[in-house]
Structures are given as C-alpha cells and as structure tokens.
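The numbering of the sequence shown is the numbering used here, which starts it at 24 and goes up by one.
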Amino acid sequence: MQRPGTLVPLSAAPKGVWETADFGWLRLLEAQCAEVQLELDALLPQRQSSRGSAEGAWHAVGGVHREMGQHDGSVVDSGAWREAVLLGTGARPQLAPRTVALLRAHAPAAVDLCERGAGEVILSVLAPGTHIRAHCAPSNLRLTAHLGLRVPPSGSGRCELRVGARTLRWEEGRALVFDDSFEHEVFNLTAHTRVVLLIRFWHPELATDDARDAALRQAADHAHACWQIRHHPPR
Numbered sequence: 024m025q026r027p028g029t030l031v032p033l034s035a036a037p038k039g040v041w042e043t044a045d046f047g048w049l050r051l052l053e054a055q056c057a058e059v060q061l062e063l064d065a066l067l068p069q070r071q072s073s074r075g076s077a078e079g080a081w082h083a084v085g086g087v088h089r090e091m092g093q094h095d096g097s098v099v100d101s102g103a104w105r106e107a108v109l110l111g112t113g114a115r116p117q118l119a120p121r122t123v124a125l126l127r128a129h130a131p132a133a134v135d136l137c138e139r140g141a142g143e144v145i146l147s148v149l150a151p152g153t154h155i156r157a158h159c160a161p162s163n164l165r166l167t168a169h170l171g172l173r174v175p176p177s178g179s180g181r182c183e184l185r186v187g188a189r190t191l192r193w194e195e196g197r198a199l200v201f202d203d204s205f206e207h208e209v210f211n212l213t214a215h216t217r218v219v220l221l222i223r224f225w226h227p228e229l230a231t232d233d234a235r236d237a238a239l240r241q242a243a244d245h246a247h248a249c250w251q252i253r254h255h256p257p258r
C-alpha cells in the first residue's frame with residue numbers, strides 16, 4: 024500500500040521495489056563497499072548515545088540532531104535504531120569522508136536531494152532484537168537505497184525488510200532499492216547488529232531542476248496545509 028502524505032504525480036505506475044541494476048551508480052558503490060566498511064568499523068567502537076546527545080558518532084533515530092525525521096523514533100516497537108548522518112540536515116560528513124567523497128562522485132541525485140534539505144544519507148544501525156513498525160514516508164518524490172555493510176549471518180533469526188507484499192533481505196556488499204512511500208516494516212530479531220548505508224535520492228522521473236522544484240513546492244504546500252488544519256481547525 025502506497026500512502027504518503029504528499030503524492031507527487033508521476034507518469035509511470037508506482038512500484039514498491041526497484042531493480043538495483045537500474046542504477047549504475049549503485050553498482051559503483053557496491054564495488055567500493057570495503058571502503059565504506061572500513062570507515063564504519065572505525066566508528067562502531069564509539070559509545071552509542073541512547074539520548075541522542077553529541078557523545079560518540081551515533082544518535083538515536085528521532086532525536087534532535089536533525090530537523091527531518093524526528094517522528095521516526097515513534098515507529099520503534101522494540102530494540103534500538105541509531106544513526107550517523109553523513110549528508111543532509113544534521114550531517115557530520117567528517118565521520119566518513121571517503122564514503123561522502125564516493126557519494127559526491129557517483130550519486131548526484133542523492134547529493135542534490137540532501138542539499139535541498141529533502142533527504143539524507145546515513146549509516147543506519149539496528150541493534151539485536153529491533154522491530155520497526157509499518158510506516159510510510161511523507162512523500163513519493165524520492166527512493167531509498169540500502170547498501171548492506173554488516174548483516175547478521177543466515178540462519179541467525181529474522182532479519183528482513185518488508186515493502187508492501189515483498190520481503191527483502193540484506194547482503195553485505197549488495198544494495199537494494201525501494202520506494203518508502205509504500206508501507207514498509209523492518210525486523211532484526213537476531214542476536215547480531217545490522218548496519219546499512221541508507222541513501223535517499225530523487226525519484227528517477229524527477230530528473231530536472233524544474234520537476235524537482237515543483238515536487239518540493241507541492242510537498243511544502245501540503246505540509247503547510249496540514250499544519251493549518253492542526254493548529255487552526257475549521258469552526
């Protein structure tokens with residue numbers, strides 16, 4: 024089920040899961056995955072902050088370290104979901120400079136979305152025993168890629184992403200792509216930590232500045248209308 028707050032009109036039929044092969048830049052990132060894993064390994068020993076403070080590299084998802092996504096913490100049903108933001112609001116690119124350089128070289132649709140304040144690239148960590156309840160993104164103007172960095176071994180328990188009726192499983196060094204305006208749910212019911220590089224990027228149909236500007240205006244107008252209704256309901 025696709026149910027974002029803002030549904031930008033697109034010509035192609037919507038689909039929840041996309042083929043990674045459709046995005047050549049993701050293949051380039053897969054080939055450089057070892058570089059990203061090295062930077063991740065340098066960050067993981069740092070103490071993770073459960074309160075989202077500035078201590079260490081990691082913040083609880085939904086914390087005040089970035090303006091966007093503060094509601095995301097409300098969908099954590101069990102366990103812990105933490106992140107290190109590399110691009111977008113609240114970013115600290117110095118945490119993984121080689122990874123950020125790879126993105127700037129190969130993923131302009133992600134960098135542009137982040138620089139416009141409409142997306143982010145994060146290292147996303149699910150602790151053992153984590154369940155993220157079903158939810159949808161606020162808009163369909165973007166897609167999301169996950170590059171598997173640390174994935175629990177096969178047979179260790181349920182570790183998967185459900186997008187609509189499809190179930191996806193991560194592999195280290197491999198990427199998957201989905202439209203998070205479709206209902207999706209995440210499980211790491213293993214005794215191991217799962218880490219992905221999460222990349223938001225423009226929907227392929229929004230390939231020009233004009234199309235992107237129009238989509239952002241529509242999303243902003245909808246958000247403002249919702250704010251007005253909440254704070255000034257009709258009498």
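Here a beta-carbon is modelled for each residue, glycine too, at the ideal position from N, C-alpha and C.
All figures in this text were calculated on a predicted structure; none of them were measured in a lab.
Burial state of residue i (16 or more Cβ within 10 Å)
| i | result |
| --- | --- |
| residue 149 | buried |
| residue 60 | buried |
| residue 65 | exposed |
| residue 157 | exposed |
| residue 203 | buried |
| residue 26 | exposed |
| residue 240 | exposed |
| residue 147 | buried |
| residue 127 | exposed |
| residue 213 | buried |
| residue 13 | Examination of residue 13 is not possible in this model, given that the chain is present from 24 through 258 alone. |
| residue 35 | exposed |
| residue 235 | buried |
| residue 62 | buried |
| residue 87 | exposed |
Reduced DSSP category for residue i - H, G, I as helix; E, B as strand; rest coil
| i | result |
| --- | --- |
| residue 98 | helix |
| residue 47 | helix |
| residue 25 | strand |
| residue 242 | helix |
| residue 168 | strand |
| residue 67 | coil |
| residue 78 | With a pLDDT of 49 at residue 78, under the threshold of 50, the modelled position of that residue is not reliable, and the figure given next carries that caveat. DSSP places residue 78 in coil when its eight states are reduced to three. |
| residue 73 | Reliability fails at residue 73, whose pLDDT of 44 lies under 50, so the model's placement of it is uncertain and no value is given. |
| residue 31 | coil |
| residue 6 | A query on residue 6 cannot be resolved here, the shown segment of the chain reaching from 24 to 258 and no further. |
Contact set for residue i: own chain, Cβ-Cβ below 7 Å, skip 5 residues either direction
| i | result |
| --- | --- |
| residue 326 | Past the edges of the chain, shown from 24 to 258, lies residue 326, and the structure says nothing about it. |
| residue 30 | 163 |
| residue 95 | 84, 85 |
| residue 186 | 39, 40, 201, 205, 207 |
| residue 219 | 147, 169, 170, 171, 172, 193 |
| residue 190 | 183 |
Other residues of its chain near residue i: CB distance less than 6 Å, five sequence neighbours each side excluded
| i | result |
| --- | --- |
| residue 198 | 43, 49, 53, 168, 170 |
| residue 228 | 33 |
| residue 242 | 29, 162 |
| residue 116 | 109, 123 |
| residue 238 | 31, 164, 229 |
| residue 37 | 25 |
| residue 210 | 154, 181, 183 |
| residue 100 | 154, 156 |
Residue(s) in a DSSP beta bridge with residue i
| i | result |
| --- | --- |
| residue 54 | According to DSSP, which records beta bridges pairwise, residue 54 is partnered with nothing at all. |
| residue 158 | 207 |
| residue 148 | 105, 218 |
| residue 173 | 218 |
Residue i CB to nearest heavy atom of the ligand COA below 8 Å
| i | result |
| --- | --- |
| residue 100 | With respect to the ligand COA, the structure offers nothing, as it holds no ligand at all. |
Same chain, Cβ closer than 8 Å to residue i, five either side skipped, listed in chain order
| i | result |
| --- | --- |
| residue 194 | 171, 174 |
| residue 134 | 110, 126, 127 |
Report the start-end ranges of each alpha helix (DSSP H) in the region 104-142 that is 4 residues or longer and not cut off at the edges. Annotation note: the region 104-142 contains the following uninterrupted alpha helix (DSSP H) runs of length 4 or greater, listed N- to C-terminal: 120-129, 131-138.
Report the residue ranges of all beta strand (DSSP E) runs contained in full by the region 181-240; include only those spanning at least 3 residues, in chain order. 181-186, 189-191, 198-201, 207-212, 217-225
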